[in-house]
Each structure stands twice: as C-alpha cells, then as structure tokens.
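The structure under discussion appears below in the form of structure tokens.
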Amino acid sequence: AEAPEAFDRWLAAQARPAAAPTTALVTQGRAAFMAQRCNACHTVRGESEEGRLGPDLTHVGSRLYLGAGTLRNDAGNLAHWIADTQAAKPGARMPSSPDLDPATLAAITAYLEHLQ
6 AEAPEAFDRW LAAQARPAAA PTTALVTQGR AAFMAQRCNA CHTVRGESEE GRLGPDLTHV
66 GSRLYLGAGT LRNDAGNLAH WIADTQAAKP GARMPSSPDL DPATLAAITA YLEHLQ
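As structure tokens, this is what we get:
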C-alpha cells in the first residue's frame with residue numbers, strides 16, 4: 006500500500022496528458038503510432054483521443070506490467086507485445102504486427118516507453 010500523499014501524487018500525475026516527445030526517435034515513434042493506426046484502438050490523452058477499444062496508453066511507460074499482468078513492462082517485452090501479441094497473450098484482442106520493420110518497431114517502443 007502507498008502512503009496517502011504518494012497515492013495523491015500518483016493520481017494527479019495520471020490525470021495529466023501525455024508528455025511531448027523529447028527525442029527524434031520518440032518523435033518518429035509517435036508518427037509511426039499514428040501512421041500504423043494504433044490510435045484507432047488506443048487513446049493517448051493530449052495526442053490522440055479517438056481510440057476506445059484498447060487500453061488508454063497515456064502513461065503506459067509508467068506501468069509495471071503489460072497485458073493485464075502477463076509481461077513485465079520493459080523495452081524487450083513491449084516490443085514483443087507489439088510485434089507478436091498473440092504469442093505473448095493468446096486470445097488478446099490486439100492483433101499482432103509481425104510485418105513492422107525493426108526500425109519502426111523500435112521507434113513505437115521508444116514512444117510508448119516515453120509515455121510516463
């Protein structure tokens with residue numbers, strides 16, 4: 006359990022919109038996230054708020070786990086989740102993206118990690 010003050014700080018941080026990209030790779034990842042239409046299912050508050058089917062990814066980089074506790078949230082697991090969702094969690098509603106080239110996958114991963 007968290008102390009009430011720590012929980013209040015966390016809750017206030019969760020209400021903020023997504024942080025703006027700070028590096029070229031994160032900027033490329035944001036563009037790829039939009040180009041690949043990830044935002045058709047996922048909301049990133051302050052960036053793209055149309056997706057309602059998948060989870061809100063505004064602060065996905067600050068989460069400890071992905072896929073409802075399936076994987077620890079780190080760069081390797083995040084990239085694996087994006088590229089081969091069905092291997093990571095069979096039956097997940099998110100489709101796998103095996104055709105993403107490595108540079109695009111790395112950029113999207115960097116963007117999502119940046120969303121703290």
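In this text, residue positions in the sequence shown follow the numbering used here: the first is 6, and each later residue adds one.
Glycine residues also receive a C-beta, built at the ideal position from the N, C-alpha and C atoms.
Buried or exposed: where does Ala37 fall if 16 or more other Cβ atoms within 10 Å of its Cβ makes it buried? buried
Ala73 versus Glu52, Gly51, Glu54 and Arg98, residue with shortest Cα-Cα distance: Arg98
Which same chain residues end up closer than 6 Å to Gly51 when comparing Cβ atoms and leaving out the 5 residues on each side of it in sequence? Pro22 and Ala23
Which stretch, first to last residue, makes up the alpha helix (DSSP H) that contains Val31? Ala29 to Ala40
If the criterion is Cβ atoms closer than 9 Å, does the pair Ser101 and Ala88 meet it? yes
Using the C-alpha atoms, what's the distance from Thr75 back to Cys43? 20 Å
Beta-carbon within less than 6 Å of Gly34's beta-carbon, same chain only, minus the 5 sequence neighbours each way: which residues are those? Ala112, Ile113, Ala115 and Tyr116
Assuming His47 and Gly56 make a contact with CB atoms under 8 Å, what is their CB distance in whole Å? 4 Å
Buried versus exposed call for Ser67 [16 or more other C-beta atoms within 10 Å across all chains shown]: exposed
On the CB-based measure, 16 or more other CB atoms within 10 Å of its CB, does Leu62 come out buried or exposed? buried
So, for Ala93: in the same chain, excluding its five sequence neighbours on each side, which residues have a beta-carbon less than 7 Å away from its beta-carbon? Gly72, Thr75, Leu76, His85 and Trp86
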